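Okay, so here's the structure we're looking at.
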Amino acid sequence: MELIKINKTHADRIAPLAAAFRVQLKSLKGIRSQPDIDAGKEEILEFLGSGFPVYAVEDNNVFVGYIVCRIDRPCLWVEHIYVREECRRKGVGTMLFKKAEEIAASMGEDTVYNFVHPNNENMIRFLRSKGYTVLNMIEIRKPYEGERLTSTVHVENEAFDY
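For the sequence shown, the numbering used here assigns the number 142 to the last residue and increments by one with no breaks.
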């Protein structure tokens, strides 16, 4: 396995992963969808055009995972991290996340910031295994018109619809 810095010439090859990432995010909210490869490519090109560092792990000439970092000095945020399901728990995510931590360290920071869906238990476990245990902020909004919220998240004594 090899870690590769992504550029625009890789957009077609990484687009399926970005599309799969979006499908997975929607599934966390109970929404079934199909991968949109064109939208995945467009999203990757937007990240690259904005100067976001993007890395992928390649195994046998196939991208098996990727990470998108957003540098908002002094912070580094992980915008996307995705590993193909059949490649999980094989060190791919760790390779990607380690790169994000290296970039943060090069900026003089000792942490990476992560947005995580509250019910994304796999990602939460992954982050906890890396020592990430501080709940930093909560994003709160009004429900969208017609939005069907199916669960509740508790923080201290407060309950929030999700």
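Ideal placement from N, C-alpha and C gives every residue a C-beta, glycine not left out.
Only a predicted model underlies this, so the values are computations on that prediction, with no experimental measurement involved.
Are the beta-carbon atoms belonging to residue i and residue j less than 8 Å from one another?
| i | j | result |
| --- | --- | --- |
| residue 75 | residue 37 | yes |
| residue 62 | residue -14 | no |
| residue 8 | residue 99 | yes |
| residue 17 | residue -4 | yes |
| residue 107 | residue 96 | yes |
| residue 157 | residue 64 | This structure gives no information on residue 157, because the portion of the chain shown stretches from -19 to 142. |
Output needed for residue i: all residues of its chain with C-beta closer than 6 Å, excluding positions within five of it in sequence on either side, in chain order.
| i | result |
| --- | --- |
| residue 138 | none |
| residue -2 | 20, 23 and 24 |
Can you find the residues in the same chain that come closer than 8 Å, C-beta to C-beta, to residue i, ignoring five residues on each side of it along the sequence?
| i | result |
| --- | --- |
| residue -9 | 21, 24, 25 and 28 |
| residue 54 | 87, 88 and 89 |
| residue 129 | 123, 141 and 142 |
| residue 83 | 33, 49, 51 and 56 |
Terminal residues of the continuous beta strand (DSSP E) containing residue i?
| i | result |
| --- | --- |
| residue 129 | Taken as a continuous stretch (DSSP letters only), residue 129 belongs to no beta strand (DSSP E), as it is neither H nor E. |
| residue 140 | 138 to 141 |
| residue 63 | 55 to 63 |
Sorted by chain position, which residues of the same chain lie with C-beta nearer than 7 Å to residue i's C-beta, five sequence neighbours on each side aside?
| i | result |
| --- | --- |
| residue 50 | 32, 57 and 59 |
| residue -16 | 35, 36 and 38 |
| residue 52 | none |
| residue 66 | none |
Any Cβ of chain E within less than 8 Å of the Cβ of residue i?
| i | result |
| --- | --- |
| residue 47 | Among the protein chains of the structure shown there is no chain E, as only one such chain exists. |
Go to residue i, then tell me how far its alpha helix (DSSP H) extends in each direction, as first and last residue.
| i | result |
| --- | --- |
| residue 73 | 72 to 86 |
| residue 27 | 17 to 29 |
| residue 106 | 101 to 109 |
| residue 149 | Past the boundaries of the shown model lies residue 149; the chain is included only from -19 to 142, so the question cannot be answered. |
Measuring alpha carbon to alpha carbon, tell me which residue in the options is nearest residue i.
| i | options | result |
| --- | --- | --- |
| residue 92 | 111, 62 and 43 | 111 |
| residue 131 | 42, 142 and 124 | 142 |
| residue 105 | 0, 73, 136 and 80 | 73 |
| residue 30 | 13, 14 and 48 | 48 |
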